[in-house]
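Engineer: Okay, here's the structure, questions in a sec.
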Amino acid sequence: MRTALVTGAARGIGLATARLFLEDGWRVVMLDRDAPALEAAAQGLDNVLPVVADVSVGQDVARVAQECAGPEGLAALVNNAGIADFGPIEDTGFDRWRAVMEVNLDGVFRMTQALTPALKAARGGIVNIASISGLRASTLRVAYGTSKAAVIQLTRQQAVELGEYGIRANCVCPGPVRTKLAMAVHSQDIIDAYHDAIPLNRYGSEREIAEAIVFLCSERASYITGQTLAVDGGFEATGVGLP
Ligand code: NAD
Numbered sequence: 001m002r003t004a005l006v007t008g009a010a011r012g013i014g015l016a017t018a019r020l021f022l023e024d025g026w027r028v029v030m031l032d033r034d035a036p037a038l039e040a041a042a043q044g045l046d047n048v049l050p051v052v053a054d055v056s057v058g059q060d061v062a063r064v065a066q067e068c069a070g071p072e073g074l075a076a077l078v079n080n081a082g083i084a085d086f087g088p089i090e091d092t093g094f095d096r097w098r099a100v101m102e103v104n105l106d107g108v109f110r111m112t113q114a115l116t117p118a119l120k121a122a123r124g125g126i127v128n129i130a131s132i133s134g135l136r137a138s139t140l141r142v143a144y145g146t147s148k149a150a151v152i153q154l155t156r157q158q159a160v161e162l163g164e165y166g167i168r169a170n171c172v173c174p175g176p177v178r179t180k181l182a183m184a185v186h187s188q189d190i191i192d193a194y195h196d197a198i199p200l201n202r203y204g205s206e207r208e209i210a211e212a213i214v215f216l217c218s219e220r221a222s223y224i225t226g227q228t229l230a231v232d233g234g235f236e237a238t239g240v241g242l243p
């Protein structure tokens, strides 16, 4: 049985991804820093290993790597855990900037570095979750958008450097999805503007993002690496700015 590790798996896109891997016959390590939410999410699911850890904490990441070490290795790593912080440049204090970078960017680097031996053992795939905010600049997203743009480039670095070990790395850029993260920062004005700007005229679902993630981790994507896939109802194709 192939093993996938999904970070930020207690809710939202990460939980939908964990469920889809299970449907497809994978075993899933569900990682999240929110212990009660993780316990609730994993309840009743077979073939899951819930792991409470913070991707921005080096000791946590080292412990996770030890738990995943084994001859069978790790067939998929989904770096999904992320936080959002919207605000004007002048109001974004350095502590807020760093907090976003520590989770959204440093967390992806830490997890990938620590799990590379396990990925090598299984010739596994990496999918990093960025955002359309990493493809388009807009107001209020100085920290979030910059962290996600860096994740897109980090994915390319991973693909180029780890390809010789049979490890593929791709990036998924979701458009807006009604998760806790998004609804904390999307005002009604932003919601309305997204509906108008997106060719499919709606937000995406967690499941629609998960479908792309699980596909990219699967054997069906065996010759796809270093790519950035916007799963956004056509928003990126419009060329217009983010609301
Ligand atoms: P969410 O807030 O619903 O879920 C995120 C999960 O990650 C939570 O369970 C949270 O506890 C966990 N998490 C946060 N920081 C963590 C850390 N340091 N260590 C371990 N776990 C941590 O968010 P979501 O909308 O499902 O977002 C998932 C990913 O998708 C994020 O990277 C986000 O930036 C990206 N994304 C979301 C949207 C959207 O509209 N929802 C759009 C584009 C990109």
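Counting from 1, position 196 in the sequence shown corresponds to residue 196 in the working numbering; the numbering is continuous, with no gaps.
All C-beta atoms in this analysis are idealised placements derived from N, C-alpha and C, irrespective of residue type, glycine included.
1) Within 7 Å: the Cβ of N80 and any heavy atom of ligand 1?
2) Is it the case that the CB of L31 approaches a heavy atom of ligand 1 more closely than 7 Å?
3) Have a look at L140, A169, G145 and flag the residue whose alpha-carbon is nearest the alpha-carbon of V78.
4) Run through the region 169-195 for me and flag every whole alpha helix (DSSP H) of 4 or more residues, listed as ranges in chain order.
5) Would you call P199 buried or exposed, if buried means 16 or more other Cβ atoms sit within 10 Å of its Cβ?
6) In chain order, what residues of the same chain have a beta carbon less than 7 Å from the beta carbon of G233, not counting five sequence neighbours either side?
7) What residues are listed by DSSP as bridge partners for I129?
8) Distance check for R123 and R220, CA to CA, integer angstroms please.
9) In the structure shown, what three-state DSSP assignment does A76 receive?
10) What's the call for E206, buried or exposed, on a 16-neighbour Cβ count within 10 Å?
11) Helix, strand or coil for M318? Go by DSSP, reduced to three states.
12) On the DSSP letters alone, give me the boundaries of the beta strand (DSSP E) that L229 sits inside.
13) Using only alpha-carbon positions, find the residue among I89, A121, S218, I213 that is nearest to A16.
14) Buried or exposed for S222, going by 16 or more other Cβ atoms inside 10 Å?
15) I need the straight-line Cα distance from D85 to A143, nearest angstrom please.
16) Do V103 and G82 come within 8 Å of each other at the CB atom, strictly closer than that value?
17) Taking only three categories from DSSP, how would you classify L216?
Structural biologist: If we stick to the structure as given:
1) On the sequence shown, position 80 is the one that residue 80 refers to. Answer for N80: yes, Cβ within range of ligand 1.
2) Taking the first residue of the sequence shown as position 1, residue 31 is located at position 31. Yes, ligand 1 has a heavy atom inside 7 Å of this Cβ.
3) Residue mapping note: residue 78 aligns to position 78 of the sequence shown, counting from 1. Nearest of L140, A169, G145 to V78, Cα basis: A169.
4) 180-185
5) Translated into the one-based positions of the sequence shown, residue 199 becomes position 199. The residue is exposed, with fewer than 16 neighbouring Cβ atoms inside 10 Å.
6) Taking the sequence shown and counting its residues from 1, the one referred to as residue 233 is at position 233. For G233, where only same-chain residues beyond five positions count, the Cβ hits under 7 Å are G175, I198, P199, L200, R202, G204.
7) As a first step, residue 129 must be located in the sequence shown, where it is residue number 129. Paired residue(s): V172.
8) As a working mapping, residue 220 is identified with position 220 in the sequence shown. As a working mapping, residue 123 is identified with position 123 in the sequence shown. Each residue's Cα considered, the two are about 14 Å apart.
9) On the sequence shown, position 76 is the one that residue 76 refers to. The answer is strand: DSSP assigns A76 an E or B state.
10) The residue you call residue 206 lines up with position 206 of the sequence shown. E206 comes out buried.
11) Because residue 318 is not part of the residues shown, which for the chain are 1 to 243, the question remains open.
12) Position 229 of the sequence shown, counted from the first residue, corresponds to residue 229. Where L229 is concerned, the enclosing beta strand (DSSP E) stretches over 228-231.
13) The residue you call residue 16 lines up with position 16 of the sequence shown. Ranking the options by Cα distance to A16, first place goes to I213.
14) As a position in the sequence shown, residue 222 is number 222, starting the count at 1. Exposed, since its Cβ has fewer than 16 Cβ neighbours within 10 Å.
15) Position 85 of the sequence shown, counted from the first residue, corresponds to residue 85. Position 143 of the sequence shown, counted from the first residue, corresponds to residue 143. Going by the C-alpha atoms only, they are around 7 Å apart.
16) Taking the first residue of the sequence shown as position 1, residue 82 is located at position 82. Taking the first residue of the sequence shown as position 1, residue 103 is located at position 103. Cβ atoms of G82 and V103: closer than 8 Å.
17) By one-based count along the sequence shown, residue 216 stands at place 216. The answer is helix: DSSP assigns L216 an H, G or I state.
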